[in-house]
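Undergrad: For reference, the structure I am asking about is given below.
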Amino acid sequence: MLFKEIFSLWFNVWVAGLPGLQVRAVLFDCVGTLFRVEVNHELQLRILHERLVEAGFASPYRAFLEAYEKAYARHLKVRIEELREVSNGVWTAEALRILGYQADPSDHEIERAVEAYFKPYIEAVKPIGCLRNVMESLKPAFKLGVVTNFTYAPAMREILSKIGVLDLLDAVTISHEVGWRKPHPKIFQSALKAAKAEARETVFVGDDPYDDVAGARKAGIFSVLVEKPGNTGKISPRREEKPDLRLPSICSLKDFLGRG
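Structural data, given as structure tokens:
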């Protein structure tokens, strides 16, 4: 207990300019922060179509793709403008209805098809090299969690297991399950509740200036931006999108927190 108190004090000194910050929890974005992924989206769509055809939803691939893109675009508008999450099953079922089928997101066949759709994605995931070491070094002193925009929670949980961090997490907050997307404050509030932490004692680490930095700051959480090509030096001048701290990667996090 003494070590944790000394360590927390050391961290408070480090974050000069933010006196009184008592860090109890560290939350992370997932895609781009904990792991990278490059996947062939065309392959995913063809697998989805094949599984649906096998389940009895027969249609030419091009006709399915047109219906799928139409349904996806309609729900994307809601996801962007209202920050409400919509799962893959919803727009997949809608695409099938456009094609004249009776379909519901809860249908077992659609669930299986969506699961198959994510297999190539899961296989393509590559964790940041230092990930497990960083998480293990932080675990003794902090509650750890993730807050991620992801449309199919089972796939994300499988990914977290694959990259070796699921067992270290106190809270897993996924937009598919919460119903809200970053940067909406409600998904961050849900994560804080799951981690049993207060905003004022939490650090959020992510790679997106809008979803992660603006979202965390609106929720009253200290924001750390992991820099990458495309976001370095390109932060919006709006105050809420300026991170409290920048780091070159999560590998630097344990040094910053004194866990090197």
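So for the sequence shown, my numbering puts the first residue at 2; every next one is plus one.
All C-beta atoms, glycine included, are put in the ideal place defined by N, C-alpha and C.
1) Going by beta carbon distance, what residues of the same chain come within less than 7 Å of ALA198, once the five residues before and after it are set aside?
2) By the 10 Å Cβ neighbour count, where 16 or more other Cβ atoms means buried, how is PRO238 classified, buried or exposed?
3) Please specify which runs of the alpha helix (DSSP H), each continuous and at least 4 residues long, are wholly inside the region 173–210, giving them in chain order.
4) Out of curiosity, what's the CA-to-CA distance linking ASP256 and VAL135?
5) Is the distance from the Cβ of LEU46 to the Cβ of LEU66 below 8 Å?
6) With 16 other CB atoms within 10 Å as the buried threshold, where does HIS263 fall?
7) Taking the beta carbon of THR233 as the centre, do at least 16 other beta carbons fall within 10 Å, making it buried, or is it exposed?
8) Starting from THR93, follow the beta strand (DSSP E) in both directions and report where the run begins and ends.
9) Taking a contact to mean a Cβ-Cβ separation below 8 Å, would you say ALA154 touches ALA172 in this structure?
10) Return the Cβ separation of GLU112 and GLY130 in integer angstroms, given the expectation that the two are a contact with Cβ distance under 8 Å.
11) Relative to the C-alpha of TYR122, which residue among GLU39, ILE164, PRO249 is closest?
12) In its own chain, which residues sit with a C-beta less than 8 Å from the C-beta of ALA156, not counting the 5 before and 5 after it?
13) Tell me whether VAL147 sits in a helix, a strand or coil according to DSSP, three-state version.
TA: Taking the coordinates as given:
1) Start at 1 with the first residue of the sequence shown, and residue 198 comes out as number 197. Its chain contains ARG25, ALA26, LYS144 as the residues whose beta carbon lies nearer than 7 Å to that of ALA198, once the 5 sequence neighbours on both sides are disregarded; these appear in chain order.
2) On the sequence shown, position 237 is the one that residue 238 refers to. In this predicted model, PRO238 has a pLDDT of only 39, less than 50, meaning its place in the structure is not dependable; the value taken from the coordinates is given anyway. PRO238 comes out exposed.
3) DSSP runs (the alpha helix (DSSP H)) wholly in the region 173–210: 176–179, 186–196.
4) In the sequence shown, counting from the first residue as 1, residue 256 sits at position 255. In the sequence shown, counting from the first residue as 1, residue 135 sits at position 134. Between ASP256 and VAL135, the C-alpha separation is close to 9 Å.
5) The residue you call residue 46 lines up with position 45 of the sequence shown. The residue you call residue 66 lines up with position 65 of the sequence shown. Contact: yes.
6) The structure shown has nothing for residue 263, since the chain only spans 2 to 261.
7) Locating residue 233 in the sequence shown gives position 232, where the first residue counts as 1. Note that THR233 scores 44 on pLDDT, short of 50, meaning its location in the model is unreliable and no value can be drawn from it.
8) Position 92 of the sequence shown, counted from the start, is the residue given in the question as residue 93. Premise fails: THR93 lies in the alpha helix (DSSP H), 89–99, not in any beta strand (DSSP E).
9) Taking the sequence shown and counting its residues from 1, the one referred to as residue 154 is at position 153. Taking the sequence shown and counting its residues from 1, the one referred to as residue 172 is at position 171. No, the pair does not count as a contact, with Cβ atoms beyond the cut-off.
10) Along the sequence shown, one-based indexing puts residue 112 at 111. Along the sequence shown, one-based indexing puts residue 130 at 129. About 34 Å separates the two Cβ atoms, so there is no contact after all.
11) Here residue 122 is taken as the residue at index 121 of the sequence shown, counted from 1. When each option's Cα is compared against that of TYR122, the closest is GLU39.
12) Residue numbering aside, residue 156 sits at position 155 when the sequence shown is read from its first letter. Result list for ALA156: GLU116, PHE119, TYR122, ILE123, in chain order.
13) Indexing the sequence shown from 1 puts residue 147 at position 146. In the structure shown, VAL147 sits in a strand (DSSP, three-state: E or B).
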